[in-house]
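Colleague: Shown below is the structure under consideration.
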Amino acid sequence: MEKNLLIRWLRATYARLPIDAARRARVKRWLAARSRLARSLVLAAQQDAAHELEQAAHAPSAPPIVDDATRVLSRLHASGRGVGYVAQSPAGLPAPAPVRLVAFYLPQFHPTAENDAWWGAGFTEWTLVARALPKVEGQTQPKLPGALGFYDLRQPEVLRAQAQLARTYGVHGFCFYFYWFGGRRLLEQPLLDFLADAGNDMPFCLCWANEPWSRRWDGRDDDVLIAQQHGAEDDVAFIDYAARYLRDARAIKVDGKPVLVIYRPSLLPDPKATAARWRARCRELGIGEIHLAFTLAFDSFVPRDIGFDAAIEFPPNNVVARDITAQVQRLDPNFAGRVHDWRSLAAAPPMLPDDAGTLHRGVCPAWDNEARRAGRGRVFLHAAPRRYRDWLVAAMRDTLRRCADRESTLLFINAWNEWSEGAYLEPDARLGYAYLEATRAALQAIAASPRVAAPPRPPQRACVVLHAFYPELLDEILLPLRAWSVPCRLLVSTVAASESAVRERITALGMAAEIHVFENRGRDVLPFLQLASRLLDEGEGLVLKLHTKRSLHRGDGETWRRDLLDKLAVPAEAQRILQTFQAQPALGMVVPDGHWLSLRAYWGANAGNVQSLCRRMGIGEIDPGTAAFPAGSMFYVRLEALRPLLDTSLELFEFESEAGQQDGTMAHAVERVLGLCVQAAGMRVTTSTALDAAAPVVVRDYPFAARDGE
């Protein structure tokens with residue numbers, strides 16, 4: 001009660017502040033970056049707004065798709081996007097796709113009479129999604145939709161838009177969950193509308209979710225709302241009804257046989273007898289043979305032992321994942337769930353050996369069911385679009401190894417739209433189309449190298465990422481680059497106020513550059529992370545990071561900048577360093593000599609943020625006595641070596657707007673974890689004058705900064 005009163009008082013006080021909206025937003029972001037309570041207030045406001053949008057989406061006058069949901073939420077607070085956000089892209093796909101990707105699809109996004117009675121009027125999946133809050137460090141909740149908004153599946157055009165989006169990014173079809181209880185059917189109206197919609201050509205199959213329906217979403221698994229009535233008569237009634245779906249021209253087939261999936265065959269009294277009845281009845285109905293598959297969500301049968309044709313992997317279920325509950329920092333001391341490392345899912349071996357029958361491989365982009373089991377959820381940290389892409393590539397290669405032809409190459413994704421389980425491909429407010437783009441990138445990688453991974457190629461050129469806050473310093477940096485004899489791609493980031501001056505100066509120097517304008521937030525670090533993530537996705541390998549460093553708080557700022565540039569950017573040094581990167585695949589970062597500093601001696605006011613970042617990157621807490629970092633934030637780095645940091649997808653609101661800060665910001669903390677990130681990726685850090693040294697010299701007495709405590 002006291003906490004609620006405090007929250008109400010803080011909200012009322014904040015609302016009365018005599019400042020304009022822009023300053024009010026900056027205050028909110030500054031507080032949210034430094035205080036758990038403030039962050040909770042921001043997320044609570046976001047939750048309230050999400051609930052209002054969800055309610056509006058179900059109002060009779062609401063449009064079928066709330067297209068402006070992302071814009072509304074972004075106005076509420078700045079955490080709408082993260083590093084790695086991907087916009088929609090019309091890029092192409094290999095034709096035909098080497099593997100047919102099928103995504104599980106939840107039809108729970110519309111009100112029903114049953115849900116109204118059980119959970120309250122207007123309940124849909126969005127009701128669960130909008131209420132979630134983070135319980136542990138690194139957990140991103142609530143999961144909020146992007147371009148499709150809080151959609152309502154009573155409108156057939158929603159599923160049509162989903163299908164078009166899925167096909168654009170390489171998803172071959174949907175596997176619709178089908179809810180049958182002794183003849184009673186739930187959540188079927190979107191599927192019936194789909195059957196009647198001749199304009200939607202999305203291939204599909206059904207997955208009979210043959211569990212009893214219980215109050216699992218509020219933790220009461222034993223409170224059964226609708227029981228199943230498995231038996232011989234129900235087997236026949238089920239397949240007679242399902243025949244309308246199996247006959248449809250869009251039904252996904254394997255070797256000409258329509259696919260039918262069962263979620264838990266172990267709940268059937270005699271799965272083998274059920275399979276035989278279904279096959280016989282389908283022949284009687286003129287459907288012919290069917291391809292019967294079941295998920296390995298709970299069961300572990302060999303398919304032929306129960307009369308089925310195939311098993312389907314269904315991660316994270318039935319996979320032994322690394323439990324990291326004891327290592328995470330709790331935001332809610334009452335959290336009673338479990339936390340796992342998502343990366344262990346991707347590393348797990350196939351769930352059936354080759355000689356156990358047909359296995360359809362399965363992957364999941366992420367998982368966090370906090371929305372369904374508030375405070376008791378199963379959370380998987382360290383999921384990321386590129387990590388999902390790599391897993392999908394590996395699973396597709398294994399599928400091609402197992403399958404003789406494309407007709408049998410089904411691979412299942414869990415899921416298209418399981419929002420309350422945090423497992424979805426649909427665009428969201430935080431990363432946009434990143435998971436869809438990763439799906440398309442995986443298909444393109446398989447088309448280029450279907451059976452065996454292509455060996456990594458040495459970087460053929462360097463990308464120079466230059467943050468130009470001070471355009472008057474551009475000549476000093478660009479003139480040496482103009483004299484390089486090696487290929488170079490130049491990207492210049494700046495703020496809106498400096499854009500014109502930057503363009504004029506680059507044009508005057510006769511140089512070609514890609515110019516990107518960012519908000520004045522996170523200094524040179526946040527723009528670099530955003531561009532580095534984009535370049536990594538584009539296949540670039542090596543970056544030289546520079547910026548127009550002035551360090552106005554120091555009298556020797558000019559000397560500091562020139563020393564950094566002289567050791568990295570002058571043509572002779574650049575050519576020598578680039579040749580070393582070509583020759584040494586394990587080299588991850590080159591720091592200017594004399595600027596590789598002891599972390600303990602110079603981590604300043606950043607200790608908490610540094611340790612937090614290391615945990616969020618998945619490398620755990622570190623010993624500052626043995627760690628070091630590149631001071632001055634200029635260096636060469638192999639982009640693959642930045643994966644642990646880039647795949648963390650830090651949110652933009654975590655980086656402070658520029659206010660002359662000298663220490664303690666998120667940008668300062670990121671600077672201090674860069675070397676740790678490279679080493680966590682399994683690569684080596686060295687300095688510009690010791691390229692072949694086993695370990696660079698760590699500086700403890702640095703002329704450009706005072707040691708901690710001095």
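Residue numbers (our numbering): 1 to 710.
Using N, Cα and C, we set each Cβ at its ideal position, and we do this for glycine too.
Distance, Cα to Cα, A87 vs L192?
Modeller: Cα-Cα distance, rounded: 32 Å.
Colleague: Any idea if T507 is buried or exposed, counting beta-carbon neighbours within 10 angstroms, 16 or more meaning buried?
Modeller: Exposed, because fewer than 16 other Cβ atoms sit within 10 Å of the Cβ of T507.
Colleague: Do you know offhand how far W126's Cα is from W419's?
Modeller: Cα to Cα, W126 sits roughly 8 Å from W419.
Colleague: Alpha carbon to alpha carbon, how far is P427 from A147? Give it in angstroms, no decimals.
Modeller: Each residue's Cα considered, the two are about 6 Å apart.
Colleague: Can you check the stretch 501-589 for any beta strand (DSSP E) of at least 3 residues that lies completely inside it and give the ranges in chain order?
Modeller: As far as the stretch 501-589 is concerned, its whole beta strand (DSSP E) runs of at least 3 residues are 514-517 and 542-547.
Colleague: Would you call the stretch 240-260 and the stretch 134-150 touching, i.e. three or more CB-CB distances under 8 Å?
Modeller: No, they do not touch.
Colleague: Using only alpha-carbon positions, find the residue among P527, L652, F301 and E573 that is nearest to P353.
Modeller: Of P527, L652, F301 and E573, the residue nearest in Cα terms is F301.
Colleague: Do you know how far the Cα of C175 is from the Cα of D234?
Modeller: The alpha-carbon atoms of D234 and C175 are separated by roughly 22 Å.
Colleague: What is the DSSP secondary structure of A423, counted as helix, strand or coil?
Modeller: Strand.
Colleague: Specify the secondary structure class of L148 as computed by DSSP and reduced to three states.
Modeller: L148 falls in the coil class under three-state DSSP.
Colleague: In whole angstroms, what separates the C-alpha of R489 from that of I619?
Modeller: Near 32 Å, if we compare the C-alpha coordinates of I619 and R489.
Colleague: Keeping to the same chain, check which residues put their C-beta closer than 6 Å to that of S493; ignore five residues upstream and five downstream.
Modeller: Here the set comprises H467, H516, F518 and P527.
Colleague: Count the other C-beta atoms from every protein chain shown that fall within 10 angstroms of the C-beta of N200, then say buried if there are 16 or more, exposed otherwise.
Modeller: Under this definition N200 is a buried residue.
Colleague: Mind the definition here: the stretch 451-463 touches the stretch 404-418 only if three or more C-beta pairs lie below 8 Å; say whether that holds.
Modeller: In short, these stretches do not touch, since the Cβ pair count stays below three.
Colleague: Out of G307, G608, D537 and R561, point me to the one whose CA is closest to H547's CA.
Modeller: Of the listed residues, the one whose Cα sits closest to H547 is R561.
Colleague: Excluding the 5 residues flanking S408 on each side, which residues of the same chain have their C-beta closer than 7 Å to its C-beta?
Modeller: Closer than 7 Å at the Cβ level, and outside the excluded window around S408, lie V254 and D255.
Colleague: From R373, Q662, Y636 and A667, pick the residue whose C-alpha is nearest to that of V678; which is it?
Modeller: V678 has its Cα closest to that of Y636, out of R373, Q662, Y636 and A667.
Colleague: Closer than 7 Å by C-beta to R387: which residues in its own chain qualify, once you throw out the five before and the five after it? Chain order, please.
Modeller: Contacts found: R343, A346 and D647.
Colleague: I'd like to know if the stretch 254-273 and the stretch 202-212 are in contact, where contact means that at least 3 CB-CB pairs between them fall below 8 Å.
Modeller: At 8 Å Cβ cutoff, the stretches touch.
Colleague: Less than 9 Å separating the beta-carbons of S649 and I577?
Modeller: No, the Cβ-Cβ distance between S649 and I577 is not below 9 Å.
Colleague: Please list, in chain order, all residues of the same chain as N609 whose beta carbon is under 7 Å from its beta carbon, the five residues on each side excluded.
Modeller: These residues qualify, in order along the chain: M666 and A669.
Colleague: Let's see if you can read the secondary structure: which residues bound the alpha helix (DSSP H) around A195?
Modeller: According to the sequence provided, residue 195 is Leu. The question's Ala does not apply to it. Where L195 is concerned, the enclosing alpha helix (DSSP H) stretches over Q189 to A196.
Colleague: Going along the chain, which residues of its own chain have a beta-carbon closer than 8 Å to the beta-carbon of A59, five neighbours each way excluded?
Modeller: Its pLDDT being 37, under 50, A59 is placed unreliably by the model, and the measurement read from it follows with that caveat. Excluding residues within five positions, none has a Cβ falling inside 8 Å.
Colleague: In the DSSP output, what is T686 paired with across the bridge?
Modeller: DSSP, once it has assigned bridges, lists V590 as partnering T686.
Colleague: Taking the beta strand (DSSP E) that F380 falls in, what are its first and last residues?
Modeller: It spans R378 to L381 - the beta strand (DSSP E) in which F380 sits, taken as one unbroken run.
Colleague: Return helix, strand or coil for S598, following the three-state DSSP convention.
Modeller: S598: strand per DSSP, three-state reduction.
Colleague: In whole angstroms, what is the alpha-carbon distance linking Y470 and S498?
Modeller: Answer to the nearest angstrom: the Cα atoms are 8 Å apart.
Colleague: Assuming P271 is part of the beta strand (DSSP E), what are its boundary residues?
Modeller: Note, P271: premise wrong, no beta strand (DSSP E); alpha helix (DSSP H) at P271 to E284.
Colleague: Quick test of your reading: L246 and C282, contact by CB under 8 Å. State the CB separation rounded to the nearest angstrom.
Modeller: Yes, L246 and C282 are in contact; Cβ-Cβ is about 7 Å, under 8 Å.
Colleague: Which value, in whole angstroms, describes the spacing of the CA atoms of A103 and I324?
Modeller: If I take the Cα positions, the gap works out to 28 Å.
Colleague: Within the continuous alpha helix (DSSP H) that includes P480, where are the two ends?
Modeller: From DSSP, the alpha helix (DSSP H) with P480 extends over L474 to R482.
Colleague: List the endpoints of the continuous beta strand (DSSP E) containing H732.
Modeller: No answer is possible for residue 732: the residues shown for the chain start at 1 and end at 710.
Colleague: For A32 and L187, I'd like the C-alpha separation in whole angstroms.
Modeller: Residue confidence is low: A32 scores 48 on pLDDT, short of 50, so the model does not pin down where it sits. Its coordinate-derived value is still stated next. Straight-line Cα distance between these residues: approximately 39 Å.
Colleague: If A680 and M617 are in contact, beta carbons under 8 Å, what's the gap, nearest whole angstrom?
Modeller: Indeed they touch by this definition, with Cβ atoms about 7 Å apart.
Colleague: With 16 other CB atoms within 10 Å as the buried threshold, where does R523 fall?
Modeller: Buried is the call here.
Colleague: Measuring CB to CB, does L285 end up less than 9 Å from W118?
Modeller: Not in contact: L285 and W118 (Cβ atoms no closer than 9 Å).
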